[in-house]
Amino acid sequence: MPKNLTTIQEAIEPVITGHGCELVDLEYVKEKSQDYLRIYVDKQPNGIDIETIADLSELVGEKLDSMQPDPLPDPYILELSSPGLERPIKKEQDWEKAMGQYIHVGLYQKLDGEKVFEGRLLELDDQEIKLEIKIKTRRKQLTIPRKQIASARFAIEF
190 MPKNLTTIQE AIEPVITGHG CELVDLEYVK EKSQDYLRIY VDKQPNGIDI
240 ETIADLSELV GEKLDSMQPD PLPDPYILEL SSPGLERPIK KEQDWEKAMG
290 QYIHVGLYQK LDGEKVFEGR LLELDDQEIK LEIKIKTRRK QLTIPRKQIA
340 SARFAIEF
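Reading the sequence shown from the start, the letters are residues 190 to 347 in our numbering.
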């Protein structure tokens with residue numbers, strides 16, 4: 190994470206957790222000619238509602254405006270939203286929540302000829318994960334080294 194995003198995360202996380210919510214992720218992206226600071230928040234156990242997002246958006250905006258020096262001096266649009274059902278799996282607590290769940294995993298390098306897998310997370314430790322994947326009508330267990338995982342998110346099983 191870039192230094193300015195780390196600074197922003199450290200500043201806004203207490204605001205978010207102070208309202209019983211969780212900071213899931215944040216990103217700073219340029220789309221066309223506009224910069225966006227996107228902050229994804231959630232609330233357990235039933236998810237976050239629009240009123241809470243609106244309240245947090247105002248509080249986070251005030252916090253960002255008060256930061257000196259300004260970590261994002263160029264104009265940007267602030268967006269706060271729910272991460273959705275297919276939320277990213279980044280932190281260790283995300284991985285723990287994913288145990289037994291259906292997830293999508295993207296790899297840096299091919300494993301068994303593939304770079305993308307979806308399956309149920311069966312096991313997890315510091316070194317690797319074990320997924321149960323479907324290949325046509327058969328189920329197979331696949332062990333993936335964690336250092337090979339480029340991205341992971343919850344997925345919807347069809």
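Here a beta-carbon is modelled for each residue, glycine too, at the ideal position from N, C-alpha and C.
- Query: From S270 to E211, what does the alpha carbon distance come to, in whole angstroms?
  - Reply: The straight-line gap from Cα to Cα measures roughly 12 Å.
- What are the boundary residues of the beta strand (DSSP E) that includes S270? 266 to 270
- Where E312 falls: helix, strand or coil (DSSP): strand
- the segment 296 to 309 in contact with the segment 244 to 257 per 3-pair CB rule at 8 Å: The segment 296 to 309, when compared against the segment 244 to 257, does not touch it at the 8 Å Cβ threshold.
- Measure the alpha-carbon distance for E199 versus L311 and round it to whole angstroms. 32 Å
- Would DSSP call Y201 helix, strand or coil? This sequence places Ile at residue 201; Tyr is not what is there. Of the three classes helix, strand and coil, the one that applies to I201 here is helix, per DSSP.
- Item | Whole-angstrom distance between L274 and G308, CA atom to CA atom | 16 Å
- Taking 8 Å as the cut-off, decide whether the C-beta atoms of I237 and V230 are in contact. With respect to the 8 Å criterion, I237 and V230 are classified as neighbours on the basis of their beta carbons.
- From F343, T206, V213, residue whose alpha carbon lies closest to that of Q290: Checking every option, the nearest Cα to that of Q290 belongs to F343.
- How long is the line joining the alpha carbons of E285 and K279, rounded to whole angstroms? 11 Å
- Flag this pair as yes or no: are the beta carbons of F306 and L267 separated by less than 8 Å? no
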